[in-house]
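Residue numbers (the numbering used here): 41 to 783. Please read the structure below before turning to the comments.
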RNA sequence: GGGCUCAUGGCUCAGUUGGUAGAGCGCUUCAUUCACAUUGAAGAGGUCAGAGGUUCGAGUCCUCUUGGGCCCACCA
């Protein structure tokens with residue numbers, strides 16, 4: 041044995057051996073208790089980061105349960121990550137001077153698919169480097185045809201039960217990325233913007249968005265505000281930059297008399313609150329901002345200007361006309377921005393598909409309250425409840441192509457106006473009303489062939505593929521599902537498509553382990569879908585880990601340039617040390633800062649373990665035959681000297697402690713205890729004591745206790761323990777499938 | 001505005017049914033061709049943010065205060 045442990049000589053060899061041996065497959069223990077964890081699917085196009093390195097926790101659980109004799113399955117898979125991936129691809133595309141508007145839907149999809157296929161496999165190799173005992177024979181991808189089929193089936197079932205529906209309402213729309221987002225995907229930013237006090241006839245009102253005034257369909261005041269009671273219900277004359285106009289004054293409780301002047305302009309097409317107000321008072325929706333982010337014909341001479349420019353121009357002209365009372369320049373407020381490109385999101389009215397979550401969320405809450413789903417650590421329960429309770433219907437339409445197309449078609453007839461965008465035979469882009477384009481001479485086939493986008497009226501007849509009738513014309517829905525619509529069904533769709541019998545055997549899964557930051561986006565959806573599809577939650581325990589920050593405690597981010605690649609650390613310190621450092625001294629669910637001193641300590645520990653093995657190798661009494669494997673119960677009576685007997689007893693306590701810690705998800709305590717016991721109890725005290733009196737009996741005790749340590753440490757540090765265990769030749773089977781010590 | 005969370009030795013952090021404070025790194029002194037200097041032995045160092053309460057007993061439970069962090073929410 042080398043004097044110093046060199047992980048670079050060991051890790052790859054051991055992983056290959058494990059994989060070839062089929063030890064990652066649950067069939068290795070065909071009659072064991074089923075124990076399944078489904079890996080949170082990483083982005084198929086992405087690279088490994090610390091969020092993935094934290095899956096160490098899952099490997100610890102899987103390896104522990106495999107050693108307990110369970111039929112342990114850790115099922116890997118990757119996600120197509122719709123918007124994320126398309127965003128990255130479009131940035132690549134831009135380098136060659138192209139954009140998504142230059143290609144039809146099908147062309148663009150194929151290009152992204154090729155791009156992802158080229159990059160796939162990277163993440164798998166990286167997960168292997170961390171020693172993760174994933175069953176690669178069952179690997180899944182969200183766009184596998186079998187998975188897509190099941191996701192589509194869920195949609196059809198929900199449609200039949202009226203749990204998905206189509207509606208025309210305001211969405212958070214990014215005019216740069218050209219798609220809407222769910223409420224959850226909106227990020228907010230604190231900004232200082234001017235608050236304009238503008239004159240509306242006899243009234244003055246405050247607004248940050250004067251450019252939406254062309255879409256105002258009312259002015260609102262609080263019903264109890266004495267200042268304005270006389271105007272309620274009246275139509276007042278106002279002066280605007282486009283000349284004189286009339287507008288209704290309504291009363292609504294939402295108006296806070298203390299804010300601004302207590303008067304609010306109501307723009308139902310461009311503000312979420314106003315949209316609700318508009319519905320209550322039956323106000324018309326007047327859309328003045330288009331999906332391109334520009335003002336439309338309602339804005340008169342300001343038509344065609346981008347929102348920001350238009351605001352400046354309008355304010356300037358209003359000042360000239362004396363329509364602005366005053367401006368509060370120090371106004372702070374929060375605005376929604378696109379989480380990808382930071383563009384200010386526009387609330388715009390659009391036809392979209394929604395999931396009715398009202399009943400689903402109630403069942404999810406009940407399941408957790410009844411204890412059928414345990415949340416660990418428990419403090420993540422409250423945020424989950426709070427979020428579920430406030431959950432509104434879920435917008436699942438995304439205007440990007442990289443994803444699963446919402447599987448519906450719209451029947452084309454004369455009564456409906458369809459807006460389409462397409463690429464013609466000569467690769468030119470066209471956009472407009474279907475009827476106009478047909479009149480211009482494009483035929484229906486050419487349009488559908490080069491189709492980019494269809495906006496179908498809410499009144500259009502919806503059919504599925506198999507419901508299409510001969511002789512009728514249909515336009516497809518061009519939107520895709522929100523990525524979470526498919527990943528939300530991950531535990532069911534993976535197990536149903538992996539190997540026959542998997543679903544029956546492994547569902548519901550034992551544990552779902554993930555970072556707490558996708559508790560709402562992913563975990564809650566899986567619970568809702570799981571209950572909907574199978575009448576029980578998809579996992580018994582939802583276990584959360586924290587975020588790994590940079591050494592200074594700052595969140596790692598590309599823009600800050602403080603991202604550390606875990607694979608570099610694996611190369612430097614070894615996978616065992618990286619894994620150990622990630623769980624040691626870090627409470628379950630808590631954030632941590634990357635610590636190089638901890639990594640160093642962990643590496644020293646692997647070396648210490650290694651040198652214990654060297655010591656045993658050197659101290660083996662001459663002429664001693666094959667080392668016997670003796671379990672702890674028998675070892676107590678096997679030992680002769682009191683120190684040996686005491687050590688056996690201490691080891692039994694140690695085994696019970698580690699077992700308890702792993703059963704209760706206290707990985708940090710397990711790591712700390714095994715470190716303490718191996719180094720300070722076993723090496724510093726016991727080895728020192730036994731050193732000069734080694735005979736065959738005491739050597740057997742020593743080696744067997746060391747073997748117990750290797751077993752208990754194996755889930756956390758699989759490589760070094762496996763290498764040593766095999767070298768000791770205590771058993772013919774490798775450590776990975778060796779039994780957990782009994783005490 | 002609501003919720004969650006953190007404040008423990010110089011630094012980074014553990015401490016889950018409440019029972020006289022722990023680790024890693026750093027520091028001090030000493031040892032050592034011993035399996036391991038990626039070592040061993042001994043040691044210094046904390047009124048567990050502050051105030052009050054419950055209790056025989058609180059870092060651990062309750063209330064409040066102060067100061068960080070995070071998440072959520074339709075005040076224009």
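A virtual CB, placed ideally from N, CA and C, is assigned to each residue, including glycine. Source: prediction; values computed, not measured.
What is the DSSP secondary structure of residue i, reduced to helix, strand or coil?
| i | result |
| --- | --- |
| residue 176 | helix |
| residue 221 | strand |
| residue 372 | strand |
| residue 670 | coil |
| residue 331 | coil |
| residue 234 | strand |
| residue 284 | strand |
| residue 627 | coil |
| residue 751 | helix |
| residue 240 | strand |
| residue 775 | helix |
| residue 550 | strand |
| residue 115 | strand |
| residue 127 | helix |
| residue 744 | helix |
| residue 145 | helix |
| residue 514 | strand |
Does the Cβ of residue i have 16 or more other Cβ atoms within 10 Å, making it buried, or fewer, making it exposed?
| i | result |
| --- | --- |
| residue 263 | exposed |
| residue 536 | buried |
| residue 585 | buried |
| residue 693 | exposed |
| residue 322 | exposed |
| residue 314 | buried |
| residue 284 | exposed |
| residue 376 | buried |
| residue 704 | exposed |
| residue 426 | exposed |
| residue 280 | buried |
| residue 39 | Nothing about residue 39 can be read from this structure; the chain reaches only from 41 to 783. |
| residue 126 | buried |
| residue 81 | buried |
Could you tell me whether the Cβ atoms of residue i and residue j are closer together than 9 Å?
| i | j | result |
| --- | --- | --- |
| residue 258 | residue 290 | yes |
| residue 588 | residue 551 | no |
| residue 39 | residue 217 | The question about residue 39 has no answer, for the chain in this structure spans 41 to 783. |
| residue 111 | residue 67 | yes |
| residue 123 | residue 219 | yes |
| residue 566 | residue 528 | yes |
| residue 243 | residue 367 | no |
| residue 76 | residue 525 | no |
| residue 129 | residue 442 | yes |
| residue 458 | residue 488 | no |
| residue 403 | residue 433 | no |
| residue 748 | residue 656 | no |
| residue 669 | residue 605 | no |
| residue 616 | residue 759 | yes |
| residue 231 | residue 373 | yes |
Cβ contact (3+ pairs, closer than 8 Å) linking the stretch 750–760 and the stretch 676–683: Proximity of the stretch 750–760 to the stretch 676–683 falls short of the contact definition, fewer than three beta-carbon pairs being nearer than 8 Å.
Cβ pair count under 8 Å reaching 3, the stretch 446–458 against the stretch 497–511: Touching, yes.
Every unbroken alpha helix (DSSP H) inside the stretch 149–218 [4 residues or more]: Complete alpha helix (DSSP H) runs here, min 4: 162–169 and 185–200.
Inside the stretch 644–696 only - beta strand (DSSP E) runs reaching at least 3 residues: The qualifying runs do not exist here; there are none.
At least three beta-carbon pairs within less than 8 Å, the stretch 397–415 to the stretch 273–284: Three or more beta-carbon pairs separated by less than 8 Å are not found between the stretch 397–415 and the stretch 273–284, which leaves the two stretches without contact.
Whole alpha helix (DSSP H) elements within the stretch 437–465, 4-residue minimum: As summarised for the stretch 437–465, there are no continuous alpha helix (DSSP H) elements at least 4 residues long confined to that stretch.
The stretch 176–187 touching the stretch 536–548, judged by at least three CB pairs closer than 8 Å: Yes, the stretch 176–187 is in contact with the stretch 536–548.
Cβ contact (3+ pairs, closer than 8 Å) linking the stretch 472–481 and the stretch 124–133: In short, these stretches do not touch, since the Cβ pair count stays below three.
Every unbroken alpha helix (DSSP H) within the stretch 254–283, with a cutoff of 4 residues, ordered by chain: Listed in chain order, nothing qualifies, since the stretch 254–283 has no complete alpha helix (DSSP H) run of 4 or more residues.
Runs of alpha helix (DSSP H) wholly within the stretch 377–423 (minimum 4 residues, chain order): Within the stretch 377–423, the alpha helix (DSSP H) runs of at least 4 residues that lie entirely inside it are, in chain order, 398–409.
Any 3 or more C-beta pairs closer than 8 Å across the stretch 57–64 and the stretch 163–178: The stretch 57–64 is in contact with the stretch 163–178.
Secondary structure, beta strand (DSSP E): runs of 3+ residues fully inside the stretch 560–596: Listed in chain order, they are 579–585.
Three or more C-beta pairs below 8 Å linking the stretch 733–744 and the stretch 651–667: Touching, per the Cβ criterion.
Cβ contact (3+ pairs, closer than 8 Å) linking the stretch 623–631 and the stretch 603–611: No: the two stretches stay apart, fewer than three of their Cβ pairs being nearer than 8 Å.
contact_flag[the stretch 776–783, the stretch 693–702] where n(CB pairs < 8 Å) is 3 or more: These segments touch.
Touch test, the stretch 295–308 against the stretch 246–261, Cβ-Cβ under 8 Å, three pairs minimum: Yes, the stretch 295–308 is in contact with the stretch 246–261.
Meets three-Cβ-pair contact criterion under 8 Å: the stretch 70–84 and the stretch 99–115: As far as the Cβ criterion goes, the stretch 70–84 touches the stretch 99–115, which means the pair count is three or higher.
Uninterrupted alpha helix (DSSP H) stretches inside the stretch 289–324 (no shorter than 4 residues): Runs found: 312–321.
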